[in-house]
Ligand code: CLF
Ligand code: SF4
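Right under this line is the structure:
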């Protein structure tokens, strides 16, 4: 059910290190950590770390203002011209922070040729889609860990929606509805959508194929099945083995293209996926004072 993309989008996909496995060695991304707040509580999330729907935990990324993020982009793009993608992936949920949009506006104005990318838990996707399109995001990741509210309720403790807290199944229903509606609307609007699914043994491992079938129906471009990072309320759940993850990917592959080279980046990572320069060049970071 995948939509046809025009030449411009096909080029963006071919130069996106996460969307095209061949691109990962040639092209890089920079993440701008401008989004500290989150509007849900995943059971595998410890808030001192980055959003683990997209990232691996580490030392929390330093939160930047939109202006600081623009300056950081200027410096890093000058040094690493192979960076073609500017992403916002936390440390919280990008759609729960207005700075996300301010940042993209600044970046688009100065670097119109770069691909703007975002990763979200999808809770606010239907109502923020217009803003996402306005600022020029063309590749979007939504983390969908279940499409069955009973399963989702085991993964997310609560959601905060329009100022109200919804626990368990009630919250799960709201989030799933918004994720699926939002993904459909984003695909229809011409955004290239990727879905991240955190594989949690004993909770959603038997359910991932059902998710993949739904993604096929919705026209999602690619699915990224990520291993659970055991922490928070899920500290006692063993992460899947590489074989279990491989089996899940294989089972989903008939329905939706699989990403297998994810590095579970930090919310402030930059460079090639294989070289996380946010951690490798502390010295340089000091030099550019960010
Ligand atoms: Fe960043 Fe994510 Fe965009 Fe890539 S990461 S916002 S789609 S530019 Fe990529 Fe990193 Fe895996 Fe994410 S390897 S964690 S999938
Ligand atoms: Fe944590 Fe990300 Fe889940 Fe928010 S969406 S609770 S930051 S893992």
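Residue numbers (our numbering): 621 to 910. Beta carbons: idealized from backbone N, C-alpha and C, even for Gly.
Take residue 757, set aside five residues on each side of it, and the residues of its chain with a beta-carbon closer than 6 Å to its own are 736, 738, in chain order. Taken through DSSP and simplified to helix, strand or coil, residue 783 comes out as coil. Only exposed fits residue 808, as fewer than 16 other CB atoms lie within 10 angstroms of its CB. For residue 661, there is no enclosing alpha helix (DSSP H); the enclosing beta strand (DSSP E) has its first and last residue at 660-662. No heavy atom of ligand 1 is found nearer than 7 Å to the CB of residue 865. Here residue 794 carries a helix assignment [DSSP, helix/strand/coil].
The shortest C-alpha to C-alpha distance from residue 646 to any of 684, 705, 746 is the one to 705.
Per DSSP, the beta bridge partners of residue 737 are 707, 759. In this structure the stretch 811-829 touches the stretch 759-775; the number of beta carbon pairs closer than 8 Å is three or more. Between residue 773 and residue 792 a beta carbon distance of about 4 Å is seen, short of the 8 Å cut, so the two are scored as contacting. In the three-state scheme derived from DSSP, where H, G and I count as helix and E and B as strand, residue 769 is classed as helix. Counting C-beta pairs with one atom in each stretch, the stretch 716-725 and the stretch 679-691 have three or more that are closer than 8 Å, which means they touch.
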